[in-house]
Structure formats: structure tokens, C-alpha cells
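Read the structure below first, then the notes.
There are 4 protein chains.
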Amino acid sequence: MYTTRIYYQDTDAGGVVYFANYLKFFEKSWFRHLLSIGISIPDWERDGTYVIVKTVSLDITEKLFYGDEIAVETSVSEVRNSYFVLDHKVSKNNKTTARGRTTMVCIDAKGKPKRIPEDFRARLMSSSP
Amino acid sequence: MYTTRIYYQDTDAGGVVYFANYLKFFEKSWFRHLLSIGISIPDWERDGTYVIVKTVSLDITEKLFYGDEIAVETSVSEVRNSYFVLDHKVSKNNKTTARGRTTMVCIDAKGKPKRIPEDFRARLMSSSP
Amino acid sequence: MYTTRIYYQDTDAGGVVYFANYLKFFEKSWFRHLLSIGISIPDWERDGTYVIVKTVSLDITEKLFYGDEIAVETSVSEVRNSYFVLDHKVSKNNKTTARGRTTMVCIDAKGKPKRIPEDFRARLMSSSP
Amino acid sequence: MYTTRIYYQDTDAGGVVYFANYLKFFEKSWFRHLLSIGISIPDWERDGTYVIVKTVSLDITEKLFYGDEIAVETSVSEVRNSYFVLDHKVSKNNKTTARGRTTMVCIDAKGKPKRIPEDFRARLMSSSP
Chain D
1 MYTTRIYYQD TDAGGVVYFA NYLKFFEKSW FRHLLSIGIS IPDWERDGTY VIVKTVSLDI
61 TEKLFYGDEI AVETSVSEVR NSYFVLDHKV SKNNKTTARG RTTMVCIDAK GKPKRIPEDF
121 RARLMSSSP
Chain X
130 MYTTRIYYQD TDAGGVVYFA NYLKFFEKSW FRHLLSIGIS IPDWERDGTY VIVKTVSLDI
190 TEKLFYGDEI AVETSVSEVR NSYFVLDHKV SKNNKTTARG RTTMVCIDAK GKPKRIPEDF
250 RARLMSSSP
Chain E
259 MYTTRIYYQD TDAGGVVYFA NYLKFFEKSW FRHLLSIGIS IPDWERDGTY VIVKTVSLDI
319 TEKLFYGDEI AVETSVSEVR NSYFVLDHKV SKNNKTTARG RTTMVCIDAK GKPKRIPEDF
379 RARLMSSSP
Chain W
388 MYTTRIYYQD TDAGGVVYFA NYLKFFEKSW FRHLLSIGIS IPDWERDGTY VIVKTVSLDI
448 TEKLFYGDEI AVETSVSEVR NSYFVLDHKV SKNNKTTARG RTTMVCIDAK GKPKRIPEDF
508 RARLMSSSP
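Protein chains in written order, with the working numbering: chain D, 1 to 129; chain X, 130 to 258; chain E, 259 to 387; chain W, 388 to 516.
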């Protein structure tokens with residue numbers, strides 16, 4: 001789980017979190033969730049496995065304001081040969097304010113899709129419902 | 130249509146455009162598209178009509194690199210009572226590299242959804258297929 | 259003190275932290291430092307005192323990479339009638355990698371510079387060397 | 388010269404351009420200025436010469452708001468063995484609203500400072516006062 005305040009850098013002149021910045025919250029949350037199940041993306045990169053985002057969806061249901069304290073939770077919802085799907089939930093005071101989903105593709109150093117390495121996959125599976 | 134180079138600020142350490150930054154391209158493209166059909170969002174704000182993003186989807190099919198020249202095109206795909214839907218297409222050398230969709234809700238100064246004002250709606254409709 | 263990992267969102271295609279993003283680290287660090295001495299900027303805003311940045315300086319001495327764990331420390335270096343100066347230090351493994359300074363001006367709701375409120379000033383002074 | 392509107396993505400909840408985003412305007416402006424004097428940074432990178440930012444200074448004298456049309460101008464103010472200095476000026480309606488300076492260091496693919504290549508230097512010098 002990733003918790004943060006909302007800072008000025010996250011907001012826009014509408015007074016709320018700028019929509020694109022939710023995706024930055026998602027990245028921080030998935031980095032930490034994967035690390036918590038034993039997957040360090042920087043370490044895998046040194047071994048030649050890179051993870052890129054192919055698709056994103058986002059649904060904002062409540063606004064977030066400067067100074068708010070939020071939590072972002074990521075879960076693994078699907079694991080395939082060369083990609084996996086993550087769900088992200090943003091909440092404030094235990095109320096969900098936004099949801100998102102990202103499809104993550106494993107690629108090699110040349111940018112070609114590759115099979116998710118076995119240890120990587122096993123850890124994803126163990127965390128998947 | 131919005132055209133731009135890819136700058137360092139758009140990229141990440143993977144060497145390509147950071148996924149969240151596509152949404153920033155979309156914002157610049159829709160701002161310009163709406164302006165081209167006679168809708169100035171800053172002017173409407175001064176009249177008490179604000180436009181916020183509720184949902185986003187994004188699909189990245191080709192990578193974009195530092196220095197690339199891209200074009201982003203926005204079109205109106207749906208107009209409802211209090212929201213409208215925009216489609217966005219990113220291309221390089223006339224080849225599509227990413228697509229996205231955003232649902233835009235009209236709200237008043239207090240943040241409540243409101244009917245899209247008539248002139249605003251008429252201009253959206255005239256631009257819709 | 260603000261500690262964070264370096265995420266993709268902080269980096270650029272050069273493989274290191276994008277220079278402008280240091281200023282975002284500074285904001286998170288000063289927000290927390292001020293809070294730790296009893297100054298909540300969001301609360302002061304509700305009372306009509308806003309804090310804006312007028313000048314910035316930044317000196318990057320070591321690169322930072324994806325996955326790095328860093329600490330950012332902010333200290334108050336000067337307090338004047340309507341502005342104060344903050345120093346920021348970024349470090350990795352207890353080694354300084356960048357330094358910065360920001361001049362912060364107090365303004366009212368109309369954007370006019372105003373005297374730093376007494377309680378605000380007293381807390382800054384108590385934290386100043 | 389780089390001209391742009393101010394978009395939501397450039398602003399914060401204070402209603403003005405977020406201070407760190409000035410540095411992003413500077414990057415776009417120097418990229419274009421260098422290109423206009425025959426220096427393509429992406430091309431030089433393919434030849435093994437990279438340009439990184441070492442120091443930055445910024446002074447904001449007037450606020451910028453959503454929808455504003457601005458111009459950013461970059462000029463070469465100093466050229467040394469392995470670094471050069473750029474000045475940046477932001478203006479709205481021909482009135483300067485912010486100024487900045489960046490020190491740019493030439494490095495090789497391993498990140499070591501290197502002498503500015505002769506052709507690169509000659510072009511900088513020709514553009515320098």
C-alpha cells in the first residue's frame with residue numbers, strides 16, 4: 001500500500017488532483033506492491049526483464065484536494081504468458097475515490113515482448129486471487 | 130491537432146514516453162480541438178462552467194522516443210446531457226502509436242454536475258460524427 | 259525529512275532523475291518540515307495565508323537512478339517580513355547529491371504579499387539556526 | 388522561441404503555474420533554440436555526446452494563469468570547455484514574467500564530463516553575445 005499527502009504538484013488550477021497524476025500514484029503503488037511480494041523491478045531490469053505499461057483505465061469518483069491524505073492499493077488481477085493486469089484503488093478516509101487498471105507487458109532489452117520469468121510469475125500468482 | 134516533439138520531460142528511464150504523459154498530450158490536444166470549434170474552456174470557466182475528466186482509457190501500441198515528432202488528434206465521439214466523450218489518437222509519421230478516450234463532465238463552481246450549456250453543446254454536436 | 263524511492267515518473271530518457279523533478283522533491287520535503295514545526299500550509303490557506311515560490315536555485319552534484327532510495331531535508335535559513343528562505347539537501351546513502359534553495363513569499367487571497375502571521379513566523383524562527 | 392498556452396497540467400491548486408513547471412518550459416525552449424542554431428541534441432546523443440543540467444536558477448516575477456499565452460526565449464550566455472550557460476526568459480504580452488538560467492554540461496555515454504565537440508561549440512559561440 002502506498003500512502004501520501006496530496007501536494008501542490010499533484011493538483012491543477014481546478015483545485016483538485018490533475019487526472020494524469022493518478023497514474024503516477026498507480027506507479028508508486030505497484031512498485032511497492034510488487035516489492036512486497038518479492039519482485040524488485042529495478043533488479044529484474046538488471047537481469048534484462050523490463051516491464052512496460054500497454055493499457056490503462058481510470059475512473060475518478062470523488063475529487064481529491066491539496067493536503068488530503070490518501071491510500072493507494074494495488075492487486076494482481078490476471079497473469080498471462082507475457083503480460084499481467086494490475087488493479088489500483090485510491091481511497092481517502094477508507095472511502096474509494098478512484099479506481100484504475102493497468103496492463104503490464106514484460107519485454108527484453110531490445111523491447112520485444114518476452115515470457116514472464118518463472119520466479120516473477122510465481123510471485124504474481126501467489127498474490128493473485 | 131496538436132503537434133510536438135518528444136522532450137526529456139516526456140520520457141522516463143526506460144527510454145520512452147512515460148505512460149502518464151500521454152494524458153498530458155491528450156489535454157493539449159482537446160484544448161486545441163475545442164478551441165478550433167469555438168469552445169474556449171478558460172472562457173467558459175469565467176462563466177461558471179468547468180470541465181473535469183471522469184474516466185480515461187489509453188492503449189499504447191508503439192513506443193515514442195526522445196526527439197520524435199508526433200501529432201495528436203481529438204474528436205468528439207458522444208454528447209450527453211452533462212458529459213461528453215472525446216477520442217484521442219497519437220501518431221508518428223502518419224502511423225498511429227497510441228489511442229485514448231476521456232469522458233468529460235460539466236460541473237458548476239461548486240463542483241456539481243450541470244447540463245452542458247446550449248451553445249457549448251451545439252458546437253460539440255457540429256463536430257461529432 | 260522526506261524519504262522516497264526514485265520511480266520511473268521521476269526519471270528521463272537520460273536514465274537519471276529529470277532536473278525539474280528535484281523541485282518536486284523539495285516541495286514534499288518543505289511541506290513535511292513545516293508540518294513538523296507546527297505549520298500546516300493547507301490550514302493556513304483556509305485562514306487566508308498562501309505561500310508561493312518566488313526564486314529557486316538548484317545544484318546537482320551526483321546523478322540519481324531508478325530505484326535509488328533518497329532522503330530530502332529542508333531547513334529554514336532566513337525569515338523576513340513577508341518572505342522566508344528554505345534550504346534543501348538531497349542525499350543517498352548519507353552522501354549529498356543535490357542542494358537547493360527556495361524563497362517563499364506569503365500572500366493573501368488576492369495574491370498580494372502580506373506580513374508572515376505572528377504564529378507562523380514564531381515557528382519558523384524557532385526552527386531557524 | 389517557444390510559445391505555448393498554459394494548460395491545466397502546468398498549473399496547481401494555487402491557480403497559477405506550478406514553480407517546477409517553469410523548468411519544463413525552459414527545456415522546450417532550449418531544445419528549440421539549439422535546433423535553430425544547428426544543434427540537435429538527439430543527433431548528438433547518437434554520436435555519444437549528452438547534455439545534462441547541473442545548476443538552475445529561477446526568478447518568478449508575475450503569475451501565469453490557465454489559458455495564458457506565453458513565449459519563452461533562450462540565449463547562450465557563456466561557453467566553457469565542458470559546459471555552457473543558457474538564459475531563459477518567459478514573457479506574456481511582451482512583458483517578462485520569469486527568468487531563469489541553466490548550466491549545461493557535456494558528458495559521454497559513461498556519464499563523464501567531456502569537451503564540447505568543436506562543431507557544437509562553434510554553433511554555440513556564433514549564437515553567444
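Built from N, CA and C at the ideal position, the CB exists for glycine as well.
In this text the structure is predicted, and so the values were computed from the model without any measurement.
A check of alpha carbon separations from K497/W across I457/W, Y409/W, D446/W, G435/W identifies G435/W as the nearest.
Residues of chain X with a Cβ closer than 9 Å to the Cβ of V56/D are, in chain order, F148, A149, Y151, L152, V185, S186, L187, D188, I189, G229. Closest in C-alpha terms to R486/W, from the list S462/W, F507/W, Y470/W, R508/W, comes S462/W. If you look at Y395/W, you'll find it isn't in any alpha helix (DSSP H); DSSP assigns it neither H nor E. Secondary structure at A367/E: coil, using DSSP grouped into helix, strand and coil.
The three-state secondary structure of I299/E, taken from DSSP, is helix.
Among the residues of the stretch 292–306 of chain E, none has a Cβ less than 7 Å away from any Cβ of chain X.
Shown here, K286/E sits in a helix according to DSSP, grouped into three states.
W302/E and Y308/E have their C-alpha atoms some 7 Å from each other. At least 9 Å separates the beta-carbon of V314/E from that of A329/E. For K450/W, same chain residues with a beta-carbon under 7 Å away, outside a window of 5 residues either side, are V403 in chain order. For Y195/X, a Cβ of chain W is located within less than 9 Å of the residue's own Cβ.
Close to G369/E, with beta-carbon spacing below 7 Å, lies no residue of chain X; the smallest spacing is near 17 Å. Close partners of Y266/E in chain D (Cβ separation under 7 Å): E27. In terms of CA proximity to R123/D, I41/D leads the group I41/D, L58/D, E73/D, T3/D. Annotated three-state conformation of A509/W is helix, per DSSP. One thing to note: Y265/E has its Cβ no nearer than 9 Å to the Cβ of R290/E. In this structure, the beta-carbon distance from F120/D to T231/X does not fall below 9 Å. Judged by DSSP secondary structure, D59/D falls within the beta strand (DSSP E) whose first and last residues are 50–60. Residues of chain W whose Cβ lies closer than 9 Å to the Cβ of T4/D do not exist, since the nearest Cβ in that chain is about 15 Å away.
S335/E and Y212/X have their C-alpha atoms roughly 49 Å apart. Per the coordinates, the alpha-carbon of M104/D lies some 11 Å from the alpha-carbon of I189/X.
With respect to the 9 Å criterion, T391/W and F412/W are classified as neighbours on the basis of their beta carbons.
Runs of the beta strand (DSSP E) lying entirely within the stretch 325–360 of chain E, each at least 3 residues long, are 327–337, 341–350 in chain order.
According to the DSSP secondary-structure assignment, Y131/X is paired through a beta bridge with V201/X. Taking K415/W as the centre and dropping the five residues before and after it, the same chain places the C-beta of Y389, T391, V459 closer than 8 Å to its C-beta, in chain order.
Taking C-beta atoms as the reference points, V466/W and S423/W fail to come closer than 9 Å. Rounded to whole angstroms, C106/D and I39/D show a C-alpha spacing of 13 Å.
T483/W and L281/E have their C-alpha atoms some 22 Å from each other. Using a 10 angstroms sphere on the CB of N352/E, the tally of other CB atoms stays under 16, which defines it as exposed.
Listed along chain E is no residue with a C-beta nearer than 9 Å to that of V477/W; the closest approach is about 14 Å. For L316/E, the closest C-alpha among the options G325/E, N279/E, G272/E is that of N279/E.
Listed by position along chain W, the residues whose Cβ is nearer than 7 Å to that of T11/D are D399, A400. For A142/X, the closest alpha carbon among the candidates G325/E, R304/E, V311/E, S384/E is that of G325/E. Sequence-distant Cβ neighbours of N339/E in its own chain, meaning closer than 8 Å and more than five residues away, are R373, I374.
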